[in-house]
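Q: Provided herewith is a single structure, encoded as structure tokens, for subsequent inquiry.
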Amino acid sequence: MNNLLSNERKRYLKKVKLDKILVNVTRILILLVFLGLWEVLARLNVIDSFLMSMPSKIVATIIELSKSGELGMHLTTTLYETVLGFLIATSLGTIIALLLWWSEFLRKVLEPYIVVLNSLPKIALGPIIIVWFGAGTKSIIFMAVLITIIVTVITMLNGFLATEQTKILLMRSLGASKLQMLYKLVLPSSIPTFISCLKINVGMAWIGSIMGEYLVSKQGIGYLIVYGGQVFRLDLVMASTIILCALAGLMYALVALLEKILIKKK
Amino acid sequence: MDDILKLQNVCLTYQSDLFETEAVKDLSFSVKEKEFVSIIGPSGSGKTTILSLIAGLMPATRGEILYKGKEIKKVCENIGYMLQRDELFSWRTIEKNVFLPLEIKKINTEVNRSRAIELIDKYGLKDFSKSYPSQLSGGMRQRVALIRTLSSNPDLLLLDEPFSALDSQTRLKVVNDVYDIIKREGKTAVLVTHDISEAISLSDRIIVLTNRPAKVYKEHVLNFDKTLSPLKRREERGFSKTFNTLWRELNNE
Ligand SMILES: Nc1ncnc2c1ncn2[C@@H]1O[C@H](COP(=O)(O)OP(=O)(O)O)[C@@H](O)[C@H]1O
Ligand SMILES: [Mg+2]
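Below, the structure written as structure tokens:
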């Protein structure tokens, strides 16, 4: 196969590959330079390592946390809250969006409520949630769901409603029922919307669970960050933040993988 | 021969919050079995509205529409509607797109599926039956759209400017293909278009509409040799004469 390629083609492919390598190398370099500068400047006391911490201390903190088993505990707590909040909000939100798609009446009636709920800063409901669900995991999950679900409903509903009118006309001319319209046309054509909704939701669920932990928790990554701040242990704050970055990135990667599986045929 | 389709004093008025639009007024015409009738009129004259009414997508404000003597009240099994664009579903293979009417009408049987596959093979899409629409050219996609319309075996085809989205080269070829398929399958067809030469090259009879609200202004029976393809018709002597007549009728109003 390879020897069938023309020289121009080979040169082109080589260039594409080179570009990709260059981008990746530069990315890693930026990170290394940043970390290196940080470490050096902190050691030379140009920046205050008490306020800014430094990479070596952060790594030491992470190692220490994982040795004592604390890291695992905090990590699973936050992961559990986030993933559960994500799943509940995504499925429930999609179902609500479906109902609203189905009934134009319901949609018109509920529109102002959705708009208000969407613009309301959900953290304002914190105290109410704590009173209702107690100062524990339940409240945190509820917060994650609350923050994620409204966006889900709005995104998915807009996706459903954006189904091409002419395709709807085609289905109507075939005598399609509303249910057939839904599962033969509206759902399949909304898969790209669903994927982008999942991507947004990953971020939203993290915001929700960390915010929830700021408010009430005794454990979890969010708790570690708040605690670290209170006792002025910036290594702990930085270490937790970096772990959070890694987790969020991992979850996003999973969704991207799902996207590849769902949209493999085009 | 009996009339397969008959419209009597059909009126349609669109309602909206601010005003109403009279799209069709006192329209009467009929179509015989296996006839190819074109309806021509300027854009906005109500052509799509007429087809939507025949397809049973909305009720007429007044008048009646009869298919084989029975009033059309809702979407009818035996009427196939082909839209301006192919409207193929990008997530379905060509074959699955063609099966769509069978699934919707709940007649997705072995017999009907193999009949549909036969159509795909017969009309030169065999190698593409497992491909996705994005892999096909515009002309081929339109052919698939026609085969999809035919898969549930309707008697009457409604064609709403099915060639207008194609470039002029592809268009002549697809017009030929579509004509050939419709004749070989022995279907009755009602085509609406604003393209005069397309109408002449395809039809047995042409109905000229007035400006909105649409009603019949003139009718022309064409007497071309039945064995001529649409492309060959364009070379006939009668072609340009008919073209001139129709052109004047469409523009002199
Ligand atoms: N759903 C609708 N509601 C209101 N007016 C419409 C609607 N559909 C079409 N019309 C109006 O009816 C007239 C005829 O439209 P149409 O049948 O689409 O014409 P054509 O297909 O000949 O271009 C136009 O003036 C158009 O604006
Ligand atoms: Mg039209």
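Chains B and E are the protein sequences, given in the same order. The first sequence begins at 4 in my numbering and counts up one residue at a time. The second sequence begins at 76 in my numbering and counts up one residue at a time. The C-beta atom is built at its ideal place from N, Cα and C for all residues, glycine as well.
How big is the Cα-Cα spacing for Tyr142/E and Ser106/B?
A: 33 angstroms
Q: I'd like the list of long-range same chain contacts for Ser59/B, defined as Cβ closer than 8 angstroms, with 5 residues on each side in sequence excluded.
A: Spatial neighbours of Ser59/B in its own chain (CB-CB distance under 8 angstroms, excluding positions within 5 residues in sequence) are listed in chain order as Glu42.
Q: Could you spell out the range, first to last residue, of the beta strand (DSSP E) harbouring Thr162/B?
A: The residue asked about is misnamed: residue 162/B is Gly in this sequence, not Thr. Gly162/B -> not in any beta strand (DSSP E); alpha helix (DSSP H) instead, spanning 140 to 164.
Q: Residues in its own chain within less than 8 angstroms of Glu294/E by CB, not counting five upstream and five downstream?
A: Phe104, Arg280, Ile281, Ile282, Val283
Q: For Glu162/E, verify whether its CB is less than 7 angstroms away from any heavy atom of ligand 2.
A: no
Q: Can a CB atom of chain B be found closer than 8 angstroms to the CB of Pro288/E?
A: no
Q: Tyr89/E versus chain B: which residues are under 7 angstroms apart at the beta carbon?
A: Within 7 angstroms Cβ-Cβ: nothing; Tyr89/E doesn't reach chain B, min ~15 angstroms.
Q: Only counting the same chain, and skipping five residues up and downstream in sequence, which positions put a Cβ closer than 6 angstroms to that of Glu170/E?
A: Ser204
Q: For Ile312/B, which residues in the same chain have their Cβ closer than 7 angstroms to its Cβ, ignoring the five residues on either side in sequence?
A: Outside the modelled stretch of chain B, which goes from 4 to 269, sits residue 312/B, for which no answer is possible.
Q: Residues around ligand 1, please: the ones whose beta-carbon is closer than 6 angstroms to some heavy atom of it, in chain order.
A: Tyr89/E, Ser91/E, Thr96/E, Ala98/E, Gly116/E, Ser118/E, Gly119/E, Ser120/E, Gly121/E, Lys122/E, Thr123/E, Thr124/E, Arg287/E
Q: Report the three-state DSSP secondary structure of Gln83/E (helix, strand or coil).
A: strand
Q: Helix, strand or coil: which one does DSSP assign to His269/E?
A: coil
Q: In or out: Cys248/B buried (at least 16 other Cβ within 10 Å) or exposed?
A: Exposed, by the Cβ-count rule.
Q: Which residue comes first and which comes last in the alpha helix (DSSP H) that contains Arg236/B?
A: Counting along the chain, Arg236/B falls outside any alpha helix (DSSP H), and DSSP gives it neither H nor E.
Q: Rounded C-beta distance between Ile257/E and Leu232/E? I'm assuming under 8 angstroms.
A: 7 angstroms
Q: Let me know the secondary structure DSSP gives Tyr15/B once reduced to three states.
A: helix
Q: Looking only at DSSP bridge pairs, what is Ser113/E linked to?
A: According to DSSP, Ser113/E bridges with Leu266/E, Ile281/E.
Q: Less than 8 angstroms between the CB atoms is what I'm expecting for Gly121/E and Ala98/E, so what's the real figure, rounded?
A: With 8 angstroms as the limit, Gly121/E and Ala98/E qualify as a contact, their Cβ atoms being about 4 angstroms apart.
Q: For Lys145/E, which beta-bridge partners are listed by DSSP?
A: Tyr142/E
Q: Note down, in chain order, every chain E residue with its Cβ under 9 angstroms from the Cβ of Ala165/B.
A: Chain E residues near Ala165/B: none, gap ~15 angstroms exceeds 9 angstroms.
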